[in-house]
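Chains as they are written, first to last, in the working numbering: chain A, 437 to 679; chain L, 132 to 642. Glycine included, each C-beta is placed from N, C-alpha and C at the ideal position. From a predicted model like this one, the values you see are computed outputs, not experimental measurements.
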Amino acid sequence: MSFLTMVYAYLYYFAAFVLLAGVTFKVVQYARTPAPLKIPTTPAPTTRSGVVFRMTREVVLFESLFRGNKWTWIFGWIFHFGLFLVTLRHLRYFIEPVWLPIELVQPFGIYGGMAMVVGLVGLWSRRFFVDRVRYISSPSDHLILALLIAIGCSGLLMKFVFHTDVVAVKSFFIGLYSFDPQPLPHDPLLLLHLFLVATLMIVFPYSKLLHAPGLFFSPSRNQVDNPREHRHIAPWAKRLEQE
Amino acid sequence: MAKATFEVPELSQYLDVPPVTPQTMAHSLPFVAKPEIQAPLGFPGELVDDWQEKALDKMGELLGKYRSLRVYLDSCVKCGSCTDKCHYYLGTKDPKNMPVGRQDLMRKVYRRYFTLAGKLFPRLVGAEDFTKEVLDDWYSYYHQCSQCRRCSVFCPYGIDTAEISMAAREIMDSIGVGQKYCNEIIGKVYKIGNNLGLPGPALRDTLEGLEEDVLDDTGVAVRYPIDQVGAEILLVTPSADFFAEPHVDGLIGYGKVFHEAGVSWTLSSHASEAANFGMFIGSYENMRRVAQRIREAAIQLKVKRIVFGECGHAWRVAYSFLNTLAGPWDFLDPRYPVPQHICEFTYNLIQEGKLTFDKGENDDKVLTYHDSCNVARASRMGNTPGGQFEIPRAIIRATCNHFYDMDEDTIRDRTFCCGGGGGLLTDDLMELRVKGAKPRVEALNNVMQEKGVTHMAAICAICKSQFTKVLPYYGMEMDQIVSLHQLVSNAIVLTERDEEEDDEEDAEEAA
Chain A
437 MSFLTMVYAY
447 LYYFAAFVLL
457 AGVTFKVVQY
467 ARTPAPLKIP
477 TTPAPTTRSG
487 VVFRMTREVV
497 LFESLFRGNK
507 WTWIFGWIFH
517 FGLFLVTLRH
527 LRYFIEPVWL
537 PIELVQPFGI
547 YGGMAMVVGL
557 VGLWSRRFFV
567 DRVRYISSPS
577 DHLILALLIA
587 IGCSGLLMKF
597 VFHTDVVAVK
607 SFFIGLYSFD
617 PQPLPHDPLL
627 LLHLFLVATL
637 MIVFPYSKLL
647 HAPGLFFSPS
657 RNQVDNPREH
667 RHIAPWAKRL
677 EQE
Chain L
132 MAKATFEVPE
142 LSQYLDVPPV
152 TPQTMAHSLP
162 FVAKPEIQAP
172 LGFPGELVDD
182 WQEKALDKMG
192 ELLGKYRSLR
202 VYLDSCVKCG
212 SCTDKCHYYL
222 GTKDPKNMPV
232 GRQDLMRKVY
242 RRYFTLAGKL
252 FPRLVGAEDF
262 TKEVLDDWYS
272 YYHQCSQCRR
282 CSVFCPYGID
292 TAEISMAARE
302 IMDSIGVGQK
312 YCNEIIGKVY
322 KIGNNLGLPG
332 PALRDTLEGL
342 EEDVLDDTGV
352 AVRYPIDQVG
362 AEILLVTPSA
372 DFFAEPHVDG
382 LIGYGKVFHE
392 AGVSWTLSSH
402 ASEAANFGMF
412 IGSYENMRRV
422 AQRIREAAIQ
432 LKVKRIVFGE
442 CGHAWRVAYS
452 FLNTLAGPWD
462 FLDPRYPVPQ
472 HICEFTYNLI
482 QEGKLTFDKG
492 ENDDKVLTYH
502 DSCNVARASR
512 MGNTPGGQFE
522 IPRAIIRATC
532 NHFYDMDEDT
542 IRDRTFCCGG
552 GGGLLTDDLM
562 ELRVKGAKPR
572 VEALNNVMQE
582 KGVTHMAAIC
592 AICKSQFTKV
602 LPYYGMEMDQ
612 IVSLHQLVSN
622 AIVLTERDEE
632 EDDEEDAEEA
642 A
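So, in structure tokens, the structure goes:
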């Protein structure tokens with residue numbers, strides 16, 4: 437096994453660990469932190485199933501963003517939906533045998549890759565051309581867009597211009613499950629693509645990418661509007677009553 | 132037109148988003164609370180020596196107590212959806228008044244001390260040390276947020292800047308940097324029972340005066356009782372209702388509605404204030420202590436129901452928090468929600484056909500309706516979501532012939548704050564209040580031009596006081612803002628009730 441394969445094997449073990457442990461830590465932290473007051477942004481659903489419906493609309497359609505800014509919504513939605521298709525397409529590298537739905541989604545994954553880059557370019561251009569968005573952007577906001585665009589472009593280039601041995605790539609990742617990494621092709625574009633993806637995984641729990649789990653824990657979106665019917669009280673607030 | 136020492140914004144026909152103009156409001160500072168104001172609330176009198184350490188400790192504590200704060204500080208992706216939504220940004224052009232700009236004042240400190248990325252690469256992620264300059268910015272800009280939640284409507288994660296403003300104010304209070312206006316008022320509530328510091332005898336005088344006025348006006352004896360043990364309903368209303376215009380016309384209206392409903396009711400001198408400024412300063416303990424007065428009054432007066440008068444933030448605390456802060460309410464009549472809004476009460480009577488109106492009495496006015504921010508986005512009325520929009524409008528339609536809504540983008544859950552909410556209704560913030568009112572006044576002005584609207588009804592004491600003061604700066608009349616129950620009061624047809632006297636005697640015997 438080559439040195440490079442070893443490096444990438446360890447990189448991916450590390451990245452997967454950081455991503456899983458980091459996100460788990462944050463999710464547990466969010467779940468354990470009480471929300472002492474009822475603060476849904478109203479009008480809000482009055483039932484649990486209503487909240488599930490509201491949350492689904494937020495996750496799938498970005499409803500609030502749609503109301504807030506059409507340009508950011510269209511670019512943001514194109515990017516996220518593209519990324520979703522791309523992720524589905526890539527699952528074929530990580531499962532054996534490949535499930536039928538994943539086989540069916542393959543061609544759409546390619547369009548997803550293009551859409552993703554288009555959306556990202558749109559979002560990035562707003563950071564330069566809209567003065568308010570320029571004002572609130574810090575270097576990390578630019579870097580994360582650059583990272584995602586680089587991931588998308590390196591992937592598309594491998595698809596359309598500089599092909600790599602995808603069968604070997606798949607054996608490499610399947611091998612990781614049994615701690616038996618198979619040789620990774622030495623194509624520079626592939627190595628770059630994989631390095632950037634690992635970086636994204638490592639950065640995830642330490643950056644604003646936490647918006648993904650964060651949304652599900654947002655009290656203004658996930659609370660049921662029923663404060664008069666049900667008494668809502670946090671453990672630390674309950675202790676005040678016993679004093 | 133009122134005299135201004137600053138430039139009053141020009142109204143335009145369309146809502147235009149101003150270009151980012153940094154530091155235009157950096158000079159805006161409310162008066163700082165003196166030690167004697169801080170003490171009754173349990174806060175240090177002045178900036179403590181090791182303030183930075185203490186503030187960070189407090190921030191850590193709040194991060195563990197409030198999921199909202201933790202999630203909101205982590206989740207923002209700087210998408211910009213909120214940047215043109217805050218009335219203070221639209222009115223002042225100052226980017227630190229964009230919701231995300233305001234949040235970032237705290238987020239940069241959070242990142243520096245509570246996140247790995249901020250500890251290792253502060254410049255990269257926009258993290259900053261908690262310096263005195265940052266603290267000064269906090270004091271200025273966290274007192275330029277009216278906690279109206281408009282930003283949270285448009286945020287893809289529901290990030291509510293109000294939660295962050297409240298936390299910031301609590302942190303500042305904990306190191307001895309309090310705001311005079313809010314903290315002085317909370318002290319008055321503890322000492323006297325209401326925000327305006329009106330003692331019991333003054334309230335009784337005022338209410339007797341109202342009874343005489345209404346008798347003179349209508350020939351019908353409508354009662355305005357206080358501290359009546361055994362009454363069915365405890366009415367908790369903002370203390371401005373006792374004397375300020377147009378608030379008092381609303382109180383007169385509540386009394387007439389209760390009269391027509393034929394239920395006994397009472398105010399309380401112990402809980403003679405609906406507002407709860409504990410929320411503005413983010414202090415759960417103070418908010419709870421203020422809310423407990425209502426529980427005490429309800430028990431002491433042996434009432435069966437609690438109804439709140441017209442007040443925006445008060446209704447938020449009442450509807451959303453009262454059960455949490457001062458419940459459970461199992462000793463009250465379970466057939467009614469606790470608490471109820473006076474609009475719900477009036478609306479139900481209208482539905483049951485128990486009120487008669489002569490709409491012509493309001494024909495001198497063409498109405499529009501201002502959705503008060505905290506009623507619109509932080510509470511509800513009735514049984515269905517959005518009742519807080521429909522019920523007040525239904526009451527206006529039942530009592531007035533001429534009603535037109537303002538532009539859709541500026542009403543219901545997209546309503547603009549009046550510019551004076553969240554503990555900013557103080558003369559030392561006049562420039563902010565006038566500029567912050569711009570988006571609302573603009574929409575009002577448009578509907579005045581297009582539909583001939585003459586008056587705007589509201590159901591919030593802060594909105595009423597704010598517009599009374601601010602409209603003249605824009606060349607409008609201060610009396611263009613009216614109480615919703617003032618319209619009810621004008622149109623309601625009163626009937627004589629003889630049994631009132633007997634009720635009163637019974638109640639007095641019980642006392």
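- Straight-line measurement puts the Cα of residue 144 (chain L) at about 33 angstroms from the Cα of residue 656 (chain A).
- Between the beta-carbon of residue 289 (chain L) and that of residue 654 (chain A) there is about 4 angstroms, and that keeps the pair under the 8 angstroms contact cut.
- From the beta-carbon of residue 525 (chain L), no residue of chain A is found nearer than 9 angstroms; the closest lies around 16 angstroms away.
- Per DSSP, reduced to three states, the secondary structure at residue 157 (chain L) is coil, with no helix or strand assignment.
- In this structure, the alpha-carbon of residue 325 (chain L) lies about 8 angstroms from that of residue 316 (chain L).
- With its beta carbon less than 7 angstroms from one in chain A, residue 198 (chain L) belongs to the interface.
- Contact of residue 655 (chain A) with chain L is assigned, a C-beta pair being separated by under 7 angstroms.
- When Cβ pairs closer than 8 angstroms are counted between the two stretches, the region 585-604 of chain L is seen not to touch the region 454-468 of chain L, the count staying below three.
- In the DSSP assignment, residue 584 (chain L) falls outside any beta strand (DSSP E), carrying neither H nor E.
- Between residue 614 (chain L) and residue 381 (chain L), the gap from beta carbon to beta carbon is short of 7 angstroms.
- Taking 8 angstroms as the upper bound for CB-CB distance, residue 609 (chain A) and residue 529 (chain A) are in contact here, some 5 angstroms apart.
- Not a single CB atom of chain L sits nearer than 7 angstroms to the CB of residue 506 (chain A).
- Scanning A:440, A:438, A:441, A:455 for the CA closest to the CA of residue 634 (chain A) turns up A:455.
- For residue 595 (chain A), the closest C-alpha among the options A:545, A:524, A:566, A:501 is that of A:545.
- Using a Cβ distance threshold of 7 angstroms, residue 262 (chain L) and residue 669 (chain A) do not count as a contacting pair.
- In the DSSP annotation of this structure, residue 657 (chain A) is not part of any beta strand (DSSP E); the continuous alpha helix (DSSP H) holding it starts and ends at 655-658.
- Cβ proximity to chain L below 7 angstroms picks out 642, 643, 644, 646, 647, 650, 651, 653, 654, 655, 656, 657, 661, 663, 664, 667 from the region 638-667 of chain A.
- In terms of CA proximity to residue 676 (chain A), L:418 leads the group L:418, L:508, L:334, L:328.
- For residue 530 (chain L), there is no enclosing beta strand (DSSP E); the residue is found in the alpha helix (DSSP H) stretching over 518-530.
- Spanning the alpha carbons of residue 506 (chain L) and residue 446 (chain L) requires a straight line of approximately 6 angstroms.
- In the displayed model, residue 403 (chain L) falls within coil according to three-state DSSP, outside both helix and strand.
- Shown here, residue 436 (chain L) sits in a strand according to DSSP, grouped into three states.
- Secondary structure note for residue 613 (chain L): its beta strand (DSSP E) is the uninterrupted segment 612-614.
- Under the DSSP assignment, residue 593 (chain L) falls in the alpha helix (DSSP H) whose first and last residues are 592-601.
- With 16 or more other Cβ atoms inside 10 Å of its own Cβ, residue 637 (chain A) counts as buried.
- The closest CA to that of residue 620 (chain A), considering only A:522, A:648, A:602, A:584, is found on A:602.
- Judged by their CB atoms, residue 175 (chain L) and residue 318 (chain L) are not nearer to each other than the 7 angstroms cut-off.
- Separation of residue 569 (chain A) and residue 214 (chain L) (C-alpha to C-alpha, rounded to the nearest whole angstrom) is 8 angstroms.
- The residue among L:504, L:185, L:183, L:403 with its C-alpha nearest the C-alpha of residue 437 (chain L) is L:403.
- Classified as exposed, residue 531 (chain A) has fewer than 16 neighbouring CB atoms from the shown chains inside 10 Å of its CB.
- Collapsing the DSSP output to three states places residue 600 (chain A) in coil.
- Under the DSSP assignment, residue 256 (chain L) falls in the alpha helix (DSSP H) whose first and last residues are 253-256.
- Taking C-beta separations shorter than 7 angstroms and ignoring five residues to either side along the sequence, the partners of residue 137 (chain L) in its chain run 562, following chain order.
- Counting along the chain, residue 499 (chain L) sits inside the beta strand (DSSP E) bounded by residues 498-500.
- Under DSSP, residue 647 (chain A) shares a beta bridge with no residue.
- In the structure shown, the three-state DSSP call for residue 535 (chain A) is coil.
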